[in-house]
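Report on the structure given below.
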Amino acid sequence: MPGEDPTESLQIVLGEVGDLPYVPELPARGAIASMVGRTLAMVTGLGFDLQPAGWRLTDAPGLDHRRAGSLLAQDLDVVEELTPAQCGVFKVQVVGPWTLAATVERPRGDKLLADHGARRDLGQALAQAVTAHVEDVRRRTGCTQTVVQIDEPALPAVLAGSIATASGFGRHRSVRAPEAAAALGWVIDAATSVDAVPVLHCCAPSIPWAVLRETELRAVSFDLATVRPAEYDVVAGWVDAGRELWPGVVPSLEPDRPPSGAELTRRLLSWWADLGHSDVEHLPATTVTPACGLAGASPEWARTALELAAQVTQNMSAEQGRMTS
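Here the sequence shown stands for residues 0 to 324, numbered as in numbering that gives the first Met the number 0.
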């Protein structure tokens with residue numbers, strides 16, 4: 000979300016997406032509030048500090064790691080204060096193990112991705128952090144169900160071996176699919192162990208659907224514009240296997256001509272037909288979202304984007320009701 004005021008941002012979220020409220024991330028407040036900083040704040044089993052090049056693994060938590068934890072606690076205080084007493088579902092977000100490994104540096108430089116042991120330790124520490132975070136948010140909000148969104152924008156690049164080394168002249172070796180699925184599985188299992196619903200979010204092209212099929216993910220959240228026709232069969236197979244899709248159809252940045260909810264609904268229905276489905280039987284279980292994060296949007300467009308996503312979700316449910324009546 001844009002801006003620096005957690006109270007204002009949460010009020011927008013509660014007002015526009017009341018069925019699936021979440022803890023807003025406000026990276027404009029600095030690296031300690033970024034998606035990576037926010038996730039590292041949850042990790043207590045390892046230490047990190049902030050360097051000019053970004054976050055780095057250390058022997059003990061540095062000042063910025065402690066500040067990130069303090070800021071997270073303050074934001075959760077706001078969540079506890081503002082969340083309605085009658086709360087059904089609440090969503091939390093964490094950066095996944097592979098995007099963390101491709102972002103956080105080792106103590107002596109370069110990414111954790113280059114160190115098998117370090118990336119394993121990070122993934123397992125993240126899994127423990129997810130369990131504790133879900134329990135904390137559930138206690139604070141009283142919500143009966145929790146969704147854990149695992150943000151993995153770097154996952155396709157990790158699998159493709161296209162993450163740049165520190166020098167910029169080389170690339171880290173690709174990670175094999177079974178290892179990628181296993182590390183994701185630690186986090187997914189941590190979520191399900193506390194009865195939370197795991198959802199993976201990736202708005203980069205070339206989502207590794209085959210890898211994700213090997214996990215217990217409930218749903219995948221993605222940018223609809225990045226899915227190529229060659230991927231339609233595997234996406235349809237995901238749905239046929241009983242999994243959910245969270246398509247991102249609302250632009251994350253305000254376009255020159257903002258679309259209406261009706262236009263976005265028609266686009267989603269057309270895409271659904273392209274997958275080989277002439278009905279919308281599965282779509283009531285589908286959550287419509289913005290294409291990617293809203294941190295770069297104006298406050299006005301962020302509110303509009305959330306409103307449009309909720310409207311399209313309602314339209315799809317109404318369409319399903321019309322076709323089954």
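All C-beta atoms in this analysis are idealised placements derived from N, C-alpha and C, irrespective of residue type, glycine included.
Quick check: what's the CA-CA separation for residue i versus residue j?
i: residue 200; j: residue 107; result: 30 Å
i: residue 44; j: residue 298; result: 36 Å
i: residue 195; j: residue 24; result: 20 Å
i: residue 231; j: residue 36; result: 35 Å
i: residue 171; j: residue 240; result: 33 Å
i: residue 269; j: residue 315; result: 12 Å
i: residue 125; j: residue 276; result: 38 Å
i: residue 258; j: residue 312; result: 15 Å
i: residue 42; j: residue 184; result: 17 Å
i: residue 218; j: residue 39; result: 24 Å
i: residue 114; j: residue 178; result: 13 Å
With a threshold of 16 other CB atoms inside 10 Å of the CB of residue i, please say whether the residue is buried or exposed.
i: residue 55; result: buried
i: residue 323; result: Confidence is the limiting factor: at residue 323 the pLDDT is only 47, short of 50, which leaves the residue's position unreliable, though a coordinate-based value still follows. That one is exposed.
i: residue 8; result: buried
i: residue 103; result: buried
i: residue 228; result: exposed
i: residue 307; result: buried
i: residue 305; result: buried
i: residue 73; result: exposed
i: residue 92; result: buried
i: residue 118; result: buried
Could you tell me the boundaries of the alpha helix (DSSP H) in which residue i lies?
i: residue 123; result: 115 to 140
i: residue 161; result: Per DSSP, residue 161 belongs to no alpha helix (DSSP H) and is neither H nor E.
i: residue 200; result: No alpha helix (DSSP H) contains residue 200, which is instead part of the beta strand (DSSP E) from 195 to 201.
i: residue 78; result: 62 to 81
i: residue 240; result: Neither: residue 240 is in no alpha helix (DSSP H) and is coded neither H nor E.
i: residue 36; result: 34 to 41
Look at the Cβ atom of residue i, then the Cβ atom of residue j, and state whether they are nearer than 7 Å.
i: residue 96; j: residue 122; result: yes
i: residue 90; j: residue 19; result: yes
i: residue 147; j: residue 190; result: yes
i: residue 87; j: residue 6; result: no
i: residue 34; j: residue 150; result: yes
i: residue 290; j: residue 251; result: yes
i: residue 57; j: residue 48; result: yes
i: residue 145; j: residue 187; result: no
i: residue 79; j: residue 137; result: no
i: residue 293; j: residue 0; result: yes
Determine the extent of the beta strand (DSSP E) in which residue i is found, giving its start and end residues.
i: residue 243; result: 243 to 249
i: residue 259; result: It is not in any beta strand (DSSP E) - residue 259 carries neither H nor E in the DSSP assignment.
i: residue 290; result: Premise fails: residue 290 is in no beta strand (DSSP E) and is neither H nor E.
i: residue 144; result: 144 to 150
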